[in-house]
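Read the structure below first, then the notes.
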Amino acid sequence: MIWPRFLRTAYRKEPISAFVVIVGSVDTAIGGMGGYGGLVLLGLLAVSSALAWRWLTWQRWQRNHPPDKMAAYALPPQSARALPMLSMSKNQRP
Numbered sequence: 000m001i002w003p004r005f006l007r008t009a010y011r012k013e014p015i016s017a018f019v020v021i022v023g024s025v026d027t028a029i030g031g032m033g034g035y036g037g038l039v040l041l042g043l044l045a046v047s048s049a050l051a052w053r054w055l056t057w058q059r060w061q062r063n064h065p066p067d068k069m070a071a072y073a074l075p076p077q078s079a080r081a082l083p084m085l086s087m088s089k090n091q092r093p
């Protein structure tokens, strides 16, 4: 079976919560087609709890790893030495 790229990356990053999402969605589909309300609720509960768990771990990770600040590079107001003169190659002098 060929999985879409986002499913593969999600499953590799968090295999437990991805497995619970898959099982919950299958339970929801089976319960919805078969008319079993309890199975639909169990599937929805499993999917929502796995997504909440993933969101909480992402929030925790983001709190512990703040984004890196990019260094700001600016030219000094005046250079200590002048820039060298641009010249043509030695063979082509004016």
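Residue 80 in numbering that gives the first Met the number 0 sits at position 81 of the sequence shown; the count goes up by one each step and never skips.
We put the CB at the ideal spot given by N, CA and C, even for glycine.
(message) Would Asp-26 and Ala-45 be called neighbours here (beta carbons separated by less than 8 Å)?
(response) yes
(request) Taking only the alpha-carbon atoms, compute the straight-line gap between Ala-51 and Gly-33 and give it to the nearest angstrom. (result) 27 Å
(request) Please state whether DSSP places Trp-67 in a helix, a strand or coil. (result) Here the sequence assigns Asp to residue 67, which means Trp is not the residue at that position. Residue state, collapsed to three classes: coil.
(request) Could you please give the first and the last residue of the uninterrupted alpha helix (DSSP H) stretch that includes Pro-104? (result) This structure cannot settle anything about residue 104, because the visible part of the chain is limited to 0 through 93.
(message) Measuring only the C-alpha atoms, how far is Glu-13 from Ser-48?
(response) 14 Å
(message) Quick check: Ala-17 and Ala-28, are their CB atoms within less than 8 Å of each other?
(response) no
(request) Keeping to the same chain, check which residues put their C-beta closer than 8 Å to that of Leu-43; ignore five residues upstream and five downstream. (result) Gly-23, Thr-27
(message) Residues in the same chain with beta-carbon distance under 8 Å from Leu-55, minus the five sequence neighbours each way, listed in chain order, please.
(response) none
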